[in-house]
Each structure stands twice: as C-alpha cells, then as structure tokens.
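A.B. asks: Using our numbering, the final residue of the sequence shown is 1033, and nothing's skipped along the way.
Backbone N, C-alpha and C fix where the C-beta goes; we use that ideal spot for every residue, glycine too.
Note that the coordinates shown come from a computational prediction; the quantities given were computed from them, not determined experimentally.
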Amino acid sequence: MVHTQNPKTHGNPPVSLIKPVFIGAGIGLILISFFVFGVEGRAEWGNLWRIRPLIITPFAGATGGAFYYFIDQLRYRNGVNPTIALIISILVFIVGLWMGIVLGLNGTMWN
C-alpha cells in the first residue's frame, strides 16, 4: 500500500485564535508602555490620559494577531505559500500597530 500525502494538509495544523490575539495584544501593550510610562503628562491632560493609548494600541495588536490567524488558516487550507503569508501578516501587523499607536496618542502626546 502506497501512502501519499495531501499537499494541502501538510505541516502542523494552525493554532487557536486566542494565542495570536493575546500575543499581538501583548506586543502592543509592551510597545505603548515605553511611550506612555516614560513621559510626564501635562496638567491639562488630567491623571487618566494614559488609559486611551493603553486600550487602543493593544486592541490594534490583537486585531493584527487575528489577521495572522486568518491568513494562517488560508495558508493551511488552500496551500498558499507560507513565506508570502508570513510577510503579508507581518506587514499588516506593523501597519495596524502603528495606526493604533497614532490613534492612542492623538490628542495627548501628539496634537
């Protein structure tokens, strides 16, 4: 009996959605923490100005992690080139995280 592999299902199956979402949110939280906790706020911002960037940026990172998950599903099921899928996922994650940082810091550190 000859055993043949299905080329569309080779490799490890993708992880659950929770893991990349939490990893992306963690990266976003660590990155924005350097900006937020490294500066003194202005008096007109109030004491709670840090909440907005600490919510928006990890959310953007979590969205980037979810995008990675869906691209990984596409790669696993449809046989998309893993290198291209990884490059696209990283680019979307970086752009999304950058947009989350800008939206989070808009009106406080950046006017």
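What number of angstroms, rounded off, separates the C-alpha of residue 940 from the C-alpha of residue 998?
C.D. replies: C-alpha separation (whole angstroms): 17 Å.
A.B. asks: Helix, strand or coil for residue 1000? Go by DSSP, reduced to three states.
C.D. replies: helix
A.B. asks: Out of curiosity, what's the CA-to-CA distance linking residue 958 and residue 1009?
C.D. replies: Going by the C-alpha atoms only, they are around 29 Å apart.
A.B. asks: Would you mind giving the Cβ-Cβ distance between residue 1014 and residue 986, rounded to the nearest angstrom? I have them listed as a contact below 8 Å.
C.D. replies: 6 Å
A.B. asks: With hydrogens ignored, establish whether the beta-carbon of residue 959 is closer than 7 Å to any heavy atom of the ligand NAD.
C.D. replies: The model depicted lacks the ligand NAD and carries no ligand whatsoever.
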